[in-house]
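Below: one structure, written as structure tokens.
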Amino acid sequence: MDPALREHLRRLDLDLLMAGHADPVPAGWGRSPRSDGYNRFYLILDGVGSITSDGVEYQPRPGQLYFLPAGSALGFSSSRERPLRKYWAHFTATVGEHDLATLVTLPRVVEVAEPPAVEEMFVRLLAAGRGPAQVTGPLRQRAILMELTAYLVEHAPLGSLRPLSEGPGRILEYIDAHLDEVLTVGRLAEVFHYNPTYFITYFAQLFGVSPNQYIRQLRVERVKQALIHSELRIEEIAGTVGWEASYLSRVFRQITSLTPTQYRALHRAS
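Take 20 as the starting number for the sequence shown in our numbering and just add one per residue.
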């Protein structure tokens with residue numbers, strides 16, 4: 020997966036606005052294409068109709084999951100003789116200050132291999148927030164929206180999942196490839212032809228952290244993986260992320276409250 024796409028999804032914040040089960044949709048359900056400020060999920064259960072998104076017309080079939088992004092020109096209609104039956108959810112999807120749809124392209128529709136499993140997600144989404152779960156409802160709703168989004172991403176047709184700009188991905192790819200070297204803002208700005216001050220602002224707008232914070236986080240995650248999945252000594256692991264062993268140990272303990280040796284032992288024992 021493209022590193023920028025992965026980072027956007029890692030920072031994704033979802034918030035449910037409304038959800039329901041149309042069994043079937045109301046008589047006269049439909050509209051001409053127009054834009055909304057929120058995203059939609061539709062899980063088609065049965066019926067005949069049409070969905071138009073940014074000029075592309077789809078013929079809904081049972082077992083299809085639609086993602087209709089905020090800002091797209093969306094129109095839809097349903098047959099009077101055999102109206103659509105569907106689960107639906109309206110929600111916001113943001114990465115920092117940006118709508119997800121302005122950063123990445125996701126598939127508008129995927130074929131669901133096991134419709135009952137996805138239908139069960141919608142059942143749980145509708146149940147969240149009712150009765151004893153009312154206080155924790157928003158947390159459960161976000162978690163289920165994450166499940167649905169993960170399903171969409173995991174089953175995306177080849178080529179339908181990509182960042183809208185290649186620039187952020189190239190920056191993260193460069194950082195990943197040179198993680199064992201000295202990486203300064205000045206060096207990154209020079210490589211990508213930015214003023215250093217602007218580069219810091221640009222990076223933070225895209226990824227929610229400064230370049231130095233991102234590099235530090237990535238190095239710590241790389242260290243964690245090496246501790247768990249390799250037999251490398253701490254000194255060797257430090258070299259793979261461009262740190263001295265003593266500095267690695269100090270930073271690692273600040274973040275995890277464990278020394279690298281303790282972290283390795285804990286995860287080997289589990």
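Each residue gets a CB set at the ideal place from its N, CA and C atoms; glycine is no exception.
As the structure is a prediction and not an experimental result, all values here were calculated from the model.
Asked                                                                                                                           : Found
Where leucine 285 falls, given that 16 or more other Cβ within 10 Å makes a residue buried                                      : exposed
Reference valine 201, options Arg235, Phe222, Arg181 and Pro176, closest by Cα                                                  : Arg235
Proximity of arginine 59 and alanine 112 at Cβ, strictly below 8 Å                                                              : no
Buried/exposed call for leucine 251, threshold 16 Cβ in 10 Å                                                                    : exposed
Residue(s) in a DSSP beta bridge with aspartate 6                                                                               : Examination of residue 6 is not possible in this model, given that the chain is present from 20 through 289 alone.
Which residues DSSP lists as bridging glutamine 78, in chain order                                                              : Answer is none; glutamine 78 lacks a bridge partner.
Contact belief for serine 72 with leucine 87 at Cβ below 8 Å, rounded distance in angstroms                                     : 6 Å
Cβ-Cβ separation, valine 44 to serine 5 (assumed contact under 8 Å), whole Å                                                    : This structure leaves residue 5 out entirely; the chain is present only between 20 and 289.
Beta strand (DSSP E) segment containing proline 52, residue limits                                                              : 49-53
Closest residue to glycine 68 among Asp32, Tyr266, Leu207 and Leu103 (Cα-Cα distance)                                           : Leu103
Neighbourhood of isoleucine 256 by C-beta distance below 6 Å, restricted to the same chain and skipping five residues each side : Val242 and Ala245
Same chain, Cβ closer than 8 Å to arginine 149, five either side skipped, listed in chain order                                 : Gly156
DSSP-derived helix/strand/coil call for glycine 205                                                                             : helix
Helix, strand or coil at tyrosine 282 [DSSP, three-state]                                                                       : helix
Run of the beta strand (DSSP E) containing asparagine 58, from where it starts to where it stops                                : 58-65
C-beta contact flag for leucine 125 and valine 114 at 8 Å                                                                       : no
At least 3 beta-carbon pairs within less than 8 Å: the region 162-176 vs the region 130-145                                     : yes
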